[in-house]
Amino acid sequence: SYGSVFTHAKAGMENVDRERVARVVYDATVGTPHHENETRKERATSKRIAAMKAKGQGMTKTEWETFGRRADERARAMERTRSGARKWLVVDMDGFYAACEELYDPALKSVPVGVAAGPSSVLTTANYVARKYGVRAAMPGFIAKKLCPDLVFVKPDFKKYVKASNESRGVFAQYNPDYIAGSLDEAYIEVTEYCEKHDTTMEAIAEEIRSKVKEATGGLTCSVGGGCSRRLAKVCSDFNKPNGQYILGTTRDDILKFLRDLPVRKMYGIGKTLERILNEFDIKTCGDLLAKRATMLALFTPKAFDFLLGIALGIGTECHPRETPEGSGGRKGVSKSETFKATADKAYLDAKMTELATEVALECQRLNLKGRMVAVKLKRSTFDVIQRQTTLAGPTNDVKTIVNSALRLMRNENSIGANMTLRLVGA
DNA sequence: ACGTGAAGGACCC
DNA sequence: AACCAGGGTCCTTCATGT
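Under our numbering, think of the first position of the first sequence as 14, with each following residue one higher.
Here it is, written out as structure tokens:
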């Protein structure tokens with residue numbers, strides 16, 4: 014199953030020869046430390062699946078019936094919270110970084126483009142020409158080059174992206190200044206009040222936003238999804254990508270029909286691993302998820318069950334995160350990390366860690382934030398990650414305190430495992 | 001039984 | 001020949017103390 018990250022459907026990749034992509038990825042990576050590490054993680058997942066299956070098989074018929082009744086009860090309880098009253102739009106820019114680069118150099122439009130820091134680092138974005146070859150975001154440059162030898166690499170230039178992002182945000186603010194910026198290229202906008210006040214619809218606003226964003230950015234396109242919750246709007250934003258929109262109805266019937274055949278992998282929060290686990294229990298779509306709710310309740314943790322049931326029913330995330338206790342806090346952390354040619358040189362690693370920890374402290378000062386905990390992240394040449402953390406006496410953003418804590422945490426590890434060869438450090 | 005800190009991971013863009 | 005980011009959030013598990 015290795016490589017499934019790069020073969021699952023993504024906008025603009027419908028006609029890609031997935032077999033070929035899988036083969037090229039495999040041939041290019043088999044035997045590398047990264048591949049070994051992926052295999053290790055897959056084995057851990059296999060073990061987890063085996064434990065879940067054993068637990069399921071060990072349960073009696075009576076126990077299963079109890080889980081069935083309780084799962085039904087949870088579903089009924091969740092149903093009671095269903096409300097189609099809110100109207101959410103999600104705007105997602107199409108191939109954002111690549112599209113920004115094309116704006117400055119239109120010649121790029123007709124050639125395959127990958128935006129990456131270097132030809133061997135991972136792509137942050139691929140334009141739609143490149144996607145035809147199976148090239149996509151998160152793919153290492155050297156594999157992308159194998160799939161598409163003519164691929165043109167462009168280094169990311171965040172000034173361009175911030176500018177375009179601000180231009181698009183000016184449009185979002187017209188509909189709700191309290192929009193949620195998911196990232197530079199994505200926003201959640203609640204338009205319930207706007208629709209009410211201006212007697213309009215999500216469809217009409219989505220059209221407006223798409224044309225205004227194109228205007229404001231000088232030609233960038235975006236896709237818009239709409240629905241009665243952030244979750245549903247988000248999944249809809251991908252439905253007619255690129256340069257399209259899809260507004261889902263807000264009745265229970267509309268939602269369940271939509272979800273019935275929707276692959277679970279499309280939902281925010283379900284990635285490669287969870288997809289694999291669910292597949293093992295014959296769950297491919299959100300409809301399957303609903304049907305197998307008793308299994309979910311029996312085998313997943315309570316939080317995970319609630320999350321999955323919410324997906325299956327299309328309930329949850331109707332409100333702004335600030336309306337919930339958990340979401341009301343601000344920034345949780347500040348970090349800096351860097352990958353380099355793997356080395357065991359202690360002087361080099363110390364210098365790197367000092368540099369990064371200093372940047373973190375300065376960034377905290379700039380943001381007027383203080384931290385109660387310092388953590389370091391070390392990635393070995395074998396790609397396994399070591400994290401070490403320490404709680405401070407009190408909140409601080411003092412450079413010396415943060416640098417010394419980070420160095421102490423790293424040196425501690427270095428003295429235990431002789432010859433630790435690292436390819437990344439971070440604080 | 002429960003809160004808390006630490007470590008590891010999954011996931012998102 | 002070798003080459004797989006960097007910024008985040010959240011959850012789970014385990015050890016530990018009360």
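Backbone N, C-alpha and C fix where the C-beta goes; we use that ideal spot for every residue, glycine too.
{"Check": "Locate the beta strand (DSSP E) running through S196, then write down its first and last residues.", "Outcome": "193-196"}
{"Check": "Taking the alpha-carbon of Y117 as reference, which of P153, D163, A177 has the nearest alpha-carbon?", "Outcome": "A177"}
{"Check": "Mark N28 as exposed unless 16 or more other C-beta atoms lie within 10 angstroms of its C-beta, in which case mark it buried.", "Outcome": "exposed"}
{"Check": "At the level of alpha carbons, what is the spacing between S14 and T213?", "Outcome": "Confidence at S14 is low in this model, with a pLDDT of 41, below 50, so its placement is unreliable and the value that follows should be read with caution. Distance between the alpha carbons of S14 and T213: 47 angstroms."}
{"Check": "So, for G329: in the same chain, excluding its five sequence neighbours on each side, which residues have a beta-carbon less than 7 angstroms away from its beta-carbon?", "Outcome": "S242, R244, G323"}
{"Check": "Pull up the DSSP beta-bridge partners for P276, would you.", "Outcome": "T298"}
{"Check": "Using the C-alpha atoms, what's the distance from E115 back to V167?", "Outcome": "10 angstroms"}
{"Check": "Can you grab the Cα-Cα spacing for the pair R36 / K159, in whole Å?", "Outcome": "11 angstroms"}
{"Check": "If you pair each beta-carbon of the segment 86-105 with each one of the segment 207-221, do three or more pairs fall below 8 angstroms?", "Outcome": "yes"}
{"Check": "Please report the distance separating the alpha-carbon of G296 from that of M386.", "Outcome": "Position check: residue 296 holds Ile in this sequence, whereas Gly was assumed. Their Cα atoms are separated by approximately 40 angstroms."}
{"Check": "Just confirm the distance between the C-beta atoms of V277 and M366, as a whole number of angstroms; I'd bet it's less than 8 angstroms.", "Outcome": "Not confirmed; about 40 angstroms, so no contact."}
{"Check": "In the structure shown, what three-state DSSP assignment does I399 receive?", "Outcome": "strand"}
{"Check": "Which residues in the same chain as K279 place their Cβ atom closer than 6 angstroms to its Cβ, once the five residues preceding and following it in sequence are excluded?", "Outcome": "V248"}
{"Check": "With H, G and I counted as helix, E and B as strand and the rest as coil, what does DSSP make of E203?", "Outcome": "strand"}
{"Check": "Please state if the CB of C208 and the CB of R223 are separated by a distance shorter than 8 angstroms.", "Outcome": "no"}
{"Check": "Among the residues of its own chain, which have a CB less than 8 angstroms from the CB of F8, if the five just before and after it don't count?", "Outcome": "Since the first and last residues shown for the chain are 14 and 440, residue 8 lies out of range."}
{"Check": "Taking 7 angstroms as the limit between beta carbons, can you name the residues of its chain near D301, skipping five residues before and five after?", "Outcome": "D295"}
{"Check": "Identify the residues that DSSP records as bridge partners of T138: which are they?", "Outcome": "V128"}
{"Check": "Does DSSP put K392 in a helix, a strand or coil?", "Outcome": "strand"}
{"Check": "Roughly how far, in whole angstroms, is the beta-carbon of V184 from the beta-carbon of A130, given that I think they are within contact range, below 8 angstroms?", "Outcome": "With 8 angstroms as the limit, V184 and A130 do not qualify as a contact, their Cβ atoms being about 30 angstroms apart."}
{"Check": "Return yes when the Cβ of D251 is within less than 8 angstroms of the Cβ of G238, no when it is not.", "Outcome": "yes"}
{"Check": "Is it right to say T434 is buried, meaning 16 or more other beta carbons lie within 10 angstroms of its own, or is it exposed?", "Outcome": "exposed"}
{"Check": "Spatial neighbours of G147 within its chain, please: CB distance less than 6 angstroms, with the 5 preceding and 5 following residues excluded, ordered by chain position.", "Outcome": "V29, V34, L160"}
{"Check": "Straight-line CA distance for R95 to A88?", "Outcome": "11 angstroms"}
{"Check": "Using only alpha-carbon positions, find the residue among V204, Y110, L303 that is nearest to M452.", "Outcome": "No statement about residue 452 is possible, as the shown extent of the chain runs from 14 to 440 and does not include it."}
{"Check": "By DSSP, does Y146 sit in helix, in strand, or in coil?", "Outcome": "coil"}
{"Check": "Taking the alpha-carbon of L291 as reference, which of A317, A360, I268, P334 has the nearest alpha-carbon?", "Outcome": "A317"}
{"Check": "Have a look at K349, Y361, F320, S394 and flag the residue whose alpha-carbon is nearest the alpha-carbon of A355.", "Outcome": "S394"}
{"Check": "Going by alpha carbons, who is nearest to A200 out of E180, K270, H211?", "Outcome": "E180"}
{"Check": "Express the C-alpha separation of A151 and Y110 in angstroms, rounding to a whole number.", "Outcome": "13 angstroms"}
{"Check": "Mind checking A360: buried by the 16 CB within 10 Å criterion, or exposed?", "Outcome": "exposed"}
{"Check": "In terms of DSSP beta bridges, what is M386 paired with?", "Outcome": "T404"}
{"Check": "For D441, count the other beta carbons within 10 Å of its own beta carbon; 16 or more makes it buried, fewer makes it exposed. Which is it?", "Outcome": "Only positions 14 to 440 of the chain appear in this structure, which leaves residue 441 out of reach."}
{"Check": "Out of P162, N140, A64, K225, state which residue places its alpha-carbon closest to the alpha-carbon of G25.", "Outcome": "N140"}
{"Check": "Alpha carbon to alpha carbon, what distance is there between D411 and L422?", "Outcome": "17 angstroms"}
{"Check": "Whose CA, out of V389, A57, R379, lies closest to the CA of D363?", "Outcome": "V389"}
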